[in-house]
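In this note's numbering, the protein residues as written are 795 to 936. Glycine included, each C-beta is placed from N, C-alpha and C at the ideal position.
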């Protein structure tokens with residue numbers, strides 16, 4: 795991060811900090827340590843698009859919102875899948891979504907079972923069935 799600070803002091807253009815920002819505390823530390831104008835978020839948001847609402851809350855001095863429920867996550871995952879299919883087509887969209895499923899559900903009880911069924915589904919219908927099972931579980935079990 796020292797390099798960011800050195801660059802920031804010597805440039806008149808906005809400097810964006812990047813790297814190892816996994817939490818809102820990491821983000822704040824990046825701002826403090828480097829004096830950068832913005833922070834780039836990458837992996838921290840994979841499967842966790844709620845990171846951005848947390849970051850905005852922290853930057854504005856507000857309380858961090860409660861984490862999403864498993865049902866919120868399941869429904870977001872479903873919507874993400876629908877958008878990928880709509881924008882990328884069945885083949886590419888379903889292949890792209892396989893990696894995202896794992897990011898959305900990691901850390902939850904039973905996640906390994908759902909992840910396995912979602913990632914190894916042989917076709918689009920099987921993926922939809924596995925996702926429906928995940929949503930049903932989120933609504934009724936957790």
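Bridge partner(s) assigned by DSSP for residue 815: None; residue 815 has no bridge partner.
Start and end residues, alpha helix (DSSP H) containing residue 887: Run containing residue 887: 884–899, per the alpha helix (DSSP H) assignment.
According to DSSP, residues forming a beta bridge with residue 833: Looking at the DSSP output, residue 833 shares a beta bridge with 811.
Secondary structure of residue 854, DSSP reduced to three states: Taken through DSSP and simplified to helix, strand or coil, residue 854 comes out as coil.
Span of the alpha helix (DSSP H), counted from its first residue to its last, around residue 902: Annotation: residue 902 is outside any alpha helix (DSSP H) and is labelled neither H nor E by DSSP.
Where the alpha helix (DSSP H) through residue 926 begins and ends: Per DSSP, the continuous alpha helix (DSSP H) segment holding residue 926 begins and ends at 918–934.
Any 3 or more C-beta pairs closer than 8 Å across the stretch 814–829 and the stretch 849–862: The way I'd put it, the stretch 814–829 does touch the stretch 849–862; three or more beta-carbon pairs between them come closer than 8 Å.
Residue 837, buried or exposed, once every other Cβ within 10 Å from all chains shown has been counted against 16: With fewer than 16 other Cβ atoms from the protein chains shown falling within 10 Å of its own Cβ, residue 837 counts as exposed.
Separation of residue 895 from residue 929, as counted between CA atoms: Their Cα atoms are separated by approximately 12 Å.
Assigned exposure category for residue 834 - 16 Cβ within 10 Å defines buried: Exposed.
Beta-carbon contacts of residue 816 that lie in its chain and below 6 Å, excluding the five residues immediately before and after: So the list reads 838, once near-sequence residues are dropped.
Helix, strand or coil at residue 910 according to DSSP, with G and I counted as helix: For residue 910, the secondary structure class from DSSP, reduced to helix, strand or coil, is helix.
Helix, strand or coil at residue 840 according to DSSP, with G and I counted as helix: Correct three-state label for residue 840: coil.
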